[in-house]
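Written out below as structure tokens is the structure these notes cover.
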Amino acid sequence: MALQLVPHNTKIDFVGRRFITFFLATILAVLGTSGYFNGLNFGVDFKGGHVLEVHMDKEPNLTSLRDNLNHLNLGEVVIQEIGTPKDLMVKVELQDGDDSAQGNAIEKIKAVLGADHEYRKVATVGPKVGGEMVQNALKAVGLALAAMLIYIAIRFEWQFAACAIVALAHDCLALLALFSWAGLEFNETSVIAILITAGYSINDTIVIFDRIRENLRKFKKLELCDIINKSLNETLSRTMMTATTTLIALTALYFMAGPVISAFSFPIIIGITVGSFSSICLASPLLLYMNLPRGDSSKDAAEKSVNLS
């Protein structure tokens with residue numbers, strides 16, 4: 028017997044409750060927008076700092092190293108493995124003061140790590156480079172959304188693409204709200220978390236849109252709101268099953284994989300939740316206002332002619 032998280036033949040009126048979900052989505056979007064302008068807690072990758080790459084003689088205890096480095100009172104210190112457990116990258120934010128203050132910070136880090144190890148790189152990332160990385164990150168997210176818009180417009184109709192992009196923008200803003208108002212560090216992995224959320228959300232949305240389009244062809248006399256509700260209920264079990272299994276894996280990583288992986292997995296957990304919400308309660312009900320064509324569109328006619336030939 029197959030596992031079902033949602034009873035068969037559910038009849039939840041998602042469209043009838045759309046104004047409630049639209050209101051919640053608007054709040055998240057406003058929080059995300061205001062959070063961005065209010066300021067994010069940028070990490071070393073974006074605001075500049077010192078980067079050290081070191082090859083250790085033996086595999087270190089990362090937990091102990093992190094504690095010792097944090098006790099130096101140098102601000103944010105990030106330590107992670109690169110390649111092998113003996114190869115580490117250490118990042119520390121720029122210090123207040125002149126060049127001597129920066130040099131003292133690097134020497135303190137070396138004293139904790141050990142001077143006898145092989146230091147393959149000791150570099151400083153200035154605020155200007157960090158600013159460029161912020162711009163590149165925004166461009167990456169923007170280009171990803173644009174590519175999805177083009178794909179959906181070709182795969183379906185422009186009305187579907189417009190609704191999907193609104194939902195994706197909502198998801199990105201919701202994650203920005205999390206990073207801003209919760210004070211979480213915003214770094215390179217945060218951008219990856221946003222892109223992962225966008226990819227997951229658009230996959231869910233495409234599955235639902237595909238069922239809506241199929242039902243539009245099958246039930247031409249049914250009202251559009253009823254078709255959307257029917258399609259959402261038919262795909263609800265799949266949506267919940269996918270989200271639940273993904274969240275189980277991410278929750279295990281959050282509690283058991285250490286601080287670095289936990290900091291990476293937490294925003295994805297929130298993103299998956301928000302993405303599932305937007306696919307069901309935002310992208311699909313928005314189709315009501317997009318004047319969807321009913322009956323055989325040019326694309327449908329083309330597909331039928333191909334099948335007949």
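Residues in the sequence shown are numbered from 28 upward in steps of one, following the numbering used here. The C-beta atom is built at its ideal place from N, Cα and C for all residues, glycine as well.
Proximity winner among the options, relative to residue i (alpha-carbon distances)
i       : options                            : result
Glu-120 : Ile-133, Val-71, Gly-110, Thr-300  : Val-71
Ser-264 : Val-218, Val-42, Glu-134, Ile-307  : Ile-307
Ile-109 : Val-78, Ile-136, Ser-127, Lys-137  : Val-78
Gly-226 : Lys-166, Ala-191, Met-267          : Ala-191
Asn-36  : Leu-315, Leu-259, Pro-286, Ala-276 : Leu-259
Gly-102 : Glu-86, Asn-68, Ser-91             : Asn-68
Ser-61  : Lys-248, Phe-291, Phe-206, Glu-86  : Phe-206
Val-139 : Pro-87, Gln-122, Gln-162           : Pro-87
Leu-195 : Glu-250, Phe-282, Arg-244, Thr-232 : Thr-232
Leu-347 : Ile-133, Lys-38, Glu-145, Gly-130  : Limits of the chain in this structure are 28 at one end and 336 at the other, which puts residue 347 out of reach.
Leu-319 : Asn-214, Leu-251, Ile-133, Phe-50  : Leu-251
Asp-84  : Lys-113, Thr-53, Leu-58            : Lys-113
Thr-269 : Ser-91, Asn-230, Glu-159, Lys-166  : Asn-230
Phe-41  : Lys-257, Asn-242, Leu-243          : Lys-257
Beta-carbon proximity of residue i to residue j, cut-off 7 Å
i       : j       : result
Val-301 : Ala-220 : no
Phe-236 : Phe-304 : no
Leu-89  : Lys-135 : no
Ala-284 : Leu-222 : no
Val-105 : Leu-96  : no
Ile-295 : Leu-313 : no
Asp-198 : Ser-228 : yes
Phe-187 : Ile-177 : no
Lys-137 : Glu-80  : no
Thr-224 : Gly-298 : yes
Ile-275 : Ser-311 : no
Ala-164 : Val-218 : yes
Thr-262 : Val-234 : yes
Residue environment, residue i, which counts as buried when at least 16 other CB atoms sit within 10 Å
i       : result
Gly-76  : buried
Phe-73  : buried
Lys-118 : buried
Asp-143 : exposed
Arg-45  : buried
Ser-332 : Low confidence applies here, because Ser-332 scores a pLDDT of 36, under 50, leaving its location unreliable and the question unanswered by this model.
Asn-65  : exposed
Ser-336 : Unreliable placement is indicated for Ser-336, whose pLDDT of 35 sits below 50; no coordinate value is reported for it.
Ile-239 : buried
Ile-39  : exposed
Ala-209 : exposed
Asn-334 : For Asn-334, the predicted model reports a pLDDT of 43, less than 50, meaning its position is unreliable; a value from the coordinates is still stated below. Exposed: under 16 other Cβ atoms inside 10 Å.
Ser-292 : buried
Phe-213 : buried
Alpha helix (DSSP H) segment containing residue i, residue limits
i       : result
Gln-186 : 185 to 208
Thr-90  : 89 to 97
Ala-310 : Careful: Ala-310 lies outside any alpha helix (DSSP H) and carries neither H nor E.
Asn-256 : 251 to 283
Extent of the continuous beta strand (DSSP E) to which residue i belongs
i       : result
Tyr-146 : 145 to 152
Met-116 : 111 to 120
Glu-241 : No beta strand (DSSP E) holds Glu-241; the alpha helix (DSSP H) holding it covers 215 to 245.
Val-78  : 76 to 82
Beta-carbon separation (whole angstroms), residue i vs residue j, contact threshold 8 Å
i       : j       : result
Met-317 : Ala-189 : 7 Å
Leu-13  : Thr-48  : Any property of residue 13 remains undetermined from this structure, which presents the chain solely from 28 to 336.
Gln-129 : Thr-151 : 7 Å
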